[in-house]
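Reviewing the structure listed below.
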Amino acid sequence: MNTETIYKLILKDGLRQIKFKNSHLKLVSSAEEGKRGAIFAYRSKANMIKARGLVLTSMEAVSENQDSFTHWTPNVYRYGSYSDSKRQITRGHSEDNLRQVNTFYIDFDITSSAEEMTSGDILTAAIDLGFMPTLILKSDKGYQAYFVLSEPAYVTSHSQFRVVKVAKAISQNLRNYFSQTLPVDMTCNHFGNCTYATNG
26 MNTETIYKLI LKDGLRQIKF KNSHLKLVSS AEEGKRGAIF AYRSKANMIK
76 ARGLVLTSME AVSENQDSFT HWTPNVYRYG SYSDSKRQIT RGHSEDNLRQ
126 VNTFYIDFDI TSSAEEMTSG DILTAAIDLG FMPTLILKSD KGYQAYFVLS
176 EPAYVTSHSQ FRVVKVAKAI SQNLRNYFSQ TLPVDMTCNH FGNCTYATNG
């Protein structure tokens, strides 16, 4: 599966197809695309921790930058902006700004030889759970399993952010289940930053 397909599968039409400004694709007018959301991407884990990154609002921007990021947010936010004049510090990465929940993911970190594992170990554990991850990606320090929803769960203030509460409970239950037998990063943000898929 190539990265374009992975991003389309995970992001679920949450972003525009083309960039609002400076697009090289001008296939669709801005009015036709309607209102969409934003994701955040970072060039290193250190930058992610400091919120030094980019706000991406289109699939075109995701595609153009896919080889330069290490972490991103697979769930879509209502907006993203910058808190500094140099446009380096991102703002808007918060649960009350979530637009749609597209996926649950589990980060499996291998920190020692005692924790060695393969993607097959994840699949074996998933069989006992009763459903399989949509995809498993190899990362520098282990694996990430994505459980992509067939339809996005939209977040509204009207429902007092009930979608966020339910999604967080599901995410925590998945982590708890897999951590019984595998090295799960339990501190990872439920909706945010995971390793960016590349063509490498």
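Each step along the sequence shown adds one to the number in this note's numbering, with nothing skipped, and position 52 is 77. C-beta atoms are modelled at their ideal positions from N, C-alpha and C, and glycine is treated no differently.
Along the length of the stretch 137 to 175, whole beta strand (DSSP E) runs at least 3 residues long occupy 160 to 164, reported in chain order. A straight line joining the alpha-carbon of L207 with that of K190 spans about 25 Å.
Judged by beta-carbon spacing, L40 lies within the 8 Å limit of M84, meaning their Cβ atoms are closer than that value. Per the DSSP secondary-structure output, I114 pairs in a beta bridge with R77.
The beta carbons of T128 and F172 sit closer together than 8 Å. In the structure shown, V87 falls within a helical segment according to DSSP collapsed to helix, strand and coil.
Between R112 and V180 the beta-carbon gap is near 26 Å, outside 8 Å, which marks them as no contact. Here the C-alpha atom of L81 lies approximately 35 Å from the C-alpha atom of G155. In the structure shown, the three-state DSSP call for I31 is helix. With a threshold of 16 other beta carbon atoms within 10 Å, L148 falls short and is exposed.
One alpha carbon belongs to E29, the other to K70, and they sit about 23 Å apart.
For the pair T95 and K60, the Cα-to-Cα distance works out to about 27 Å. Here the C-alpha atom of T98 lies approximately 7 Å from the C-alpha atom of F216.
Of the candidates D146, D121, D153, Y107, D121 places its Cα closest to the Cα of H183.
CA-to-CA, the gap between Q169 and F133 works out to about 6 Å. Judged by DSSP in its simplified three-state form, S196 adopts helix.
Between V101 and G62, the C-beta spacing is below 8 Å.
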